[in-house]
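Residue numbers (the working numbering): 19 to 140.
Dropping the structure here:
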């Protein structure tokens with residue numbers, strides 16, 4: 019009998035909900051969750067605060083096996099996120115807006131989960 023795989027999608031959704039609740043508690047307005055733009059993938063959360071549009075990448079850590087989650091957002095992943103963000107701006111006809119990319123790192127190995135918000139992550 020095959021051992022069931024850890025449901026990474028479920029853990030990701032759990033992490034996104036924790037991030038969403040955390041950001042709202044800090045005064046961020048969440049505009050969109052899981053924005054998909056073609057083959058470039060998705061942006062986990064899009065929000066705004068202080069006249070700045072923010073694209074959030076959420077990373078959830080459940081084990082030490084893969085190292086520090088901050089390094090999981092590789093240059094290749096950053097490029098895909100930039101293209102997806104440009105797609106969001108194009109689709110929504112947003113031309114003149116302050117934008118940035120933040121990372122939310124959630125450590126589910128602790129109770130309660132530890133949350134780190136990295137502004138201007140890349």
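The C-beta atom is built at its ideal place from N, Cα and C for all residues, glycine as well. All values derive from a computational prediction rather than experimental measurement.
DSSP, read as helix, strand or coil, puts residue 104 in helix. When the five nearest sequence neighbours on each side are left out, the beta carbons in the same chain lying within less than 6 Å of the beta carbon of residue 134 are those of 123, in order along the chain. When the Cα atoms are used, residue 50 and residue 111 turn out to be separated by approximately 15 Å. According to DSSP, residue pairing for residue 39 in a beta bridge does not occur. Cα atoms of residue 113 and residue 65: separation of roughly 16 Å, rounded to the nearest angstrom. Taking the CA atoms as reference points, residue 37 sits about 25 Å from residue 109.
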